[in-house]
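Student: In UniProt numbering, the protein residues as written are 1 to 183.
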Amino acid sequence: MATFEKKENYIIHYRNLQQAIKNGLIVEKVHRVIQFNQSDWLAKYIKLNTQMRKKAKNDFEKDFFKLMNNAVFGKTMQSKRKEMKMELVSCEKRLQKLINKSTFKYCTNYNEDLNTVALENKIIKFDKPIYIGFAVLDISKTKMEDEPEDEWSELDYEVDDRGRRWSKLDKEFMRKLLCYTTK
Numbered sequence: 001m002a003t004f005e006k007k008e009n010y011i012i013h014y015r016n017l018q019q020a021i022k023n024g025l026i027v028e029k030v031h032r033v034i035q036f037n038q039s040d041w042l043a044k045y046i047k048l049n050t051q052m053r054k055k056a057k058n059d060f061e062k063d064f065f066k067l068m069n070n071a072v073f074g075k076t077m078q079s080k081r082k083e084m085k086m087e088l089v090s091c092e093k094r095l096q097k098l099i100n101k102s103t104f105k106y107c108t109n110y111n112e113d114l115n116t117v118a119l120e121n122k123i124i125k126f127d128k129p130i131y132i133g134f135a136v137l138d139i140s141k142t143k144m145e146d147e148p149e150d151e152w153s154e155l156d157y158e159v160d161d162r163g164r165r166w167s168k169l170d171k172e173f174m175r176k177l178l179c180y181t182t183k
């Protein structure tokens with residue numbers, strides 16, 4: 001929990017909650033509790049890709065094995081509420097029919113004969129395991145807080161001119177963040 005602001009209906013993994021309570025958090029009310037079985041069923045796959053990435057001989061291989069891990073995690077965090085149905089339309093009649101629908105979001109015109117129509121999904125099918133992504137994020141926050149700094153020494157830190165320590169992962173994240181915010 002990165003802020004001191006009041007948290008209401010905050011969803012949190014039990015390990016993260018235990019850590020927060022240990023560090024002084026006061027729980028006023030528990031709204032709901034969900035019980036589930038946990039295991040490290042993905043650990044072998046993640047470790048294999050990490051080993052393969054370390055053995056990689058070029059940037060393509062490094063990026064490929066990084067993507068193999070990130071894609072799995074990304075799919076577990078994918079928001080089904082934000083998905084839209086896209087349709088390429090070349091017929092004026094079909095275009096008007098889609099625009100008249102209550103689920104119409106927007107239309108992009110490419111030329112006089114081709115348009116893309118975005119429609120909201122009427123029925124949202126929750127078929128992605130978002131609880132996995134949630135658990136991974138919360139447990140990783142807990143581990144980073146719990147483990148001593150020497151456990152993270154393999155991340156190859158650099159110290160900047162202000163004395164701040166940055167790992168290569170931090171630098172890559174900040175570079176991407178700055179890229180998105182300046183556009």
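Cβ coordinates follow ideal geometry from the N, Cα and C atoms, glycine included.
1. What residue ranges within the region 22 to 103 form continuous beta strand (DSSP E) runs of no fewer than 3 residues, ordered along the chain?
2. Just to confirm my understanding: we take W53, look at its own chain, exclude 5 residues before and 5 after, and list those with CB closer than 7 Å. What are they?
3. Classify T116 as buried or exposed, calling it buried when 16 or more other Cβ atoms lie within 10 Å of its own Cβ.
4. Please classify T103: is it buried, with 16 or more other beta-carbons within 10 angstroms of its beta-carbon, or exposed?
5. Any idea if T108 is buried or exposed, counting beta-carbon neighbours within 10 angstroms, 16 or more meaning buried?
6. Could you give the residue range of the beta strand (DSSP E) that holds E120?
7. Suppose you measure from the CA of F73 to the CA of L48; what does that come to, to the nearest Å?
8. Contact defined as beta carbons within less than 8 Å: I believe D138 pairs with N58. What is the distance between those atoms, to the nearest angstrom?
9. Report the option in K7, A56, F60, N100 whose CA atom is closest to the CA atom of V30.
10. Nearest-angstrom Cα distance between N70 and L42?
11. From the DSSP secondary-structure annotation, give me the bridge partner or partners of T108.
Tutor: So, from the listed chains and residues:
1. 84 to 89
2. The sequence given here has Arg at residue 53, not Trp. Cβ neighbours of R53 beyond the five flanking positions: K62, F65, K66.
3. exposed
4. exposed
5. exposed
6. 114 to 120
7. 15 Å
8. Contact flag wrong, Cβ pair sits at about 35 Å.
9. K7
10. 12 Å
11. T116
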